[in-house]
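Report on the structure given below.
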Amino acid sequence: MKIVMLDSMTLGNFDSSVFEKFGEFVTYKTSKTDQVVQRCQDAEIIITNKVVIDSKCIESLPKLKLICITATGTNNIDLEAAKKHNIEVKNVAGYSTFAVAQHTFMLALALLGRLKYYSDYVSNGGWVKSEIFCHLDLELYDLYEKKWGIIGLGSIGKQVSTIAQSFGAKVSYHSTSGNNTQNNIEHKSLEELLKTSDIISIHAPLNDKTYNLITKKQLALIKEKAILLNLGRGGIVNENDLADELLRREIYFGADVLEKEPMIPNHPLLNEKIKDKILITPHIAWAYNDTKERLISLVVKNIESFLKGA
89 MKIVMLDSMT LGNFDSSVFE KFGEFVTYKT SKTDQVVQRC QDAEIIITNK
139 VVIDSKCIES LPKLKLICIT ATGTNNIDLE AAKKHNIEVK NVAGYSTFAV
189 AQHTFMLALA LLGRLKYYSD YVSNGGWVKS EIFCHLDLEL YDLYEKKWGI
239 IGLGSIGKQV STIAQSFGAK VSYHSTSGNN TQNNIEHKSL EELLKTSDII
289 SIHAPLNDKT YNLITKKQLA LIKEKAILLN LGRGGIVNEN DLADELLRRE
339 IYFGADVLEK EPMIPNHPLL NEKIKDKILI TPHIAWAYND TKERLISLVV
389 KNIESFLKGA
């Protein structure tokens, strides 16, 4: 059996022997869609994270039997074409719940505590020159009794809710599908949640209902000095509108995702005038070491279950 991994760089370092036990294992650091057919001509199994495998690719790979996605989302695969050609597609769900929730709080607490500013103050020698024992130029805020609004109460949103409540925050949520309203947490309309929350965290998938969910109109509703966090998908928050709002008044933004990744040159969120209001990481919330190991083990299980006919 031949297995081809198309974008191993997206997983960093990992033990390839877990795949080699199934047969011939070939890996590429990155691949473009127009390289898929040539690289996977004899493959029975493809492993990919973000490489787009369209109908043309699928129709040109007669030996292909299984596509394993090293992620939850399946939007990079033409699922209809795969079904038509009896190619099974297996993704991995629920592997990153705890890591993404942890990352959410890393961003939230760093913004509440102005961590970047105060760390830079010390590392740049400012504290050495201080006349007093502390330095309090920027206001700090604790999480206790703050209102935390969650957009998308799936497994990650629920974990965020649990942690936020342990800090003493008052949690409410908005269901983007409109179906998830049977919880012990207060459900609010999007407008009400944005108006009343001190911290707003997004944990929703990207779909027709959530694309551009937060634009100029919604951003204007957010409280002064509030924090908006996007740990869902890029495209849910309109980044041009957000940059304008950050220039206009004092709100803060933290994220691990953007609409286009990697970040485009001259992105509006790279504006020097708003850099102190922003904390962005390069789509790493899912990739904590333990979580990544869990992900790879689940991909292995997907292959094993396929081979057993499960």
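Reminder that position 290 of the sequence shown reads as 378 in the working numbering, one-by-one numbering, no gaps. We put the CB at the ideal spot given by N, CA and C, even for glycine. What you are looking at is a predicted structure, and each value in this text was computed from that prediction instead of being measured.
Closest by C-alpha distance to residue i, when choosing among the options
i    : options                   : result
K171 : I155, G161 and V180       : I155
E381 : I133, V92, I315 and S104  : S104
A181 : D364, D296, L317 and K389 : K389
L316 : K365, H223 and T379       : K365
S148 : D286, K304 and D122       : D122
T158 : C145, A331, V140 and P150 : V140
S44  : N101, L99, L94 and G397   : No statement about residue 44 is possible, as the shown extent of the chain runs from 89 to 398 and does not include it.
Inter-residue spacing [alpha-carbon to alpha-carbon] between residue i and residue j
i    : j    : result
N328 : G320 : 18 Å
E333 : S211 : 30 Å
V345 : N354 : 17 Å
A131 : S260 : 48 Å
I134 : L294 : 24 Å
I220 : I362 : 29 Å
E112 : S143 : 25 Å
Residue i classed as buried or exposed, judged by whether at least 16 other C-beta atoms fall within 10 angstroms
i    : result
M97  : exposed
W215 : exposed
G117 : According to the sequence displayed, residue 117 carries Lys and not Gly. K117 is exposed by the Cβ-count criterion.
G213 : exposed
A187 : buried
Coarse secondary structure for residue i, derived from DSSP in three states
i    : result
E381 : helix
V125 : helix
M89  : coil
S393 : helix
K311 : coil
G237 : strand
H371 : coil
I324 : coil
Residue i beta carbon near the ligand MN (any heavy atom closer than 6 Å)
i    : result
T284 : With respect to the ligand MN, the structure shown offers nothing to examine, as it has no ligands at all.
Practice prompt. Would you check if there are 3 or more beta carbon pairs closer than 8 Å linking the stretch 230 to 240 to the stretch 271 to 291?
Written response: yes
Worksheet item: Taking contact to mean at least 3 C-beta pairs separated by less than 8 Å, is the stretch 338 to 346 in contact with the stretch 308 to 323?
Response: yes
Discussion item. Three or more C-beta pairs under 8 Å: does that hold for the stretch 159 to 175 against the stretch 124 to 131?
Written reply: Result no; under three Cβ-Cβ pairs closer than 8 Å.
Worksheet entry | Contact the stretch 241 to 253 vs the stretch 264 to 273: 3+ CB pairs below 8 Å | yes
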